[in-house]
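A quick write-up on the structure given underneath.
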Amino acid sequence: MIGACAAVGYSYARFEGPVVGPEHLVTVHDGRTVDYVARPEYSFAYGVEDGKTRVLQNRKETRNGDEVRGVYR
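Quick note on the working numbering: the sequence shown kicks off at 432 and runs consecutively.
Laid out in structure tokens, this is it:
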């Protein structure tokens with residue numbers, strides 16, 4: 432028989448991305464190489480809570496181009 436647990440842990444994860452927006456055709460006629468990188472835009476969040484070990488961690492981050500914002504607990 433398996434005993435009942437008093438504490439229950441859980442976790443979650445969510446991600447959106449990695450790149451949004453229209454595609455662009457890059458044409459080079461003089462022999463140079465173009466390293467085209469699309470504008471990065473993403474958001475993600477995840478967390479872990481375990482009452483038995485008292486672990487509580489949350490992360491949330493968004494990026495729009497060069498701007499990154501987040502909450503890390």
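Every residue gets a Cβ at the ideal spot worked out from N, C-alpha and C, and that includes glycine.
In this text the structure is predicted, and so the values were computed from the model without any measurement.
- When DSSP states are grouped into helix, strand and coil, E498 belongs to the strand group.
- Within the stretch 448-488, complete beta strand (DSSP E) segments of at least 3 residues are found at 472-481, given in chain order.
- Contact between R494 and E472 holds: CB atoms are separated by about 6 Å, below the 8 Å threshold.
- In this structure, Y503 places its C-beta atom within 7 Å of the C-beta atom of R490.
- G496 is positioned such that its CB atom lies closer than 7 Å to that of R470.
- In the structure shown, R490 adopts extended strand secondary structure according to DSSP, grouped into three states.
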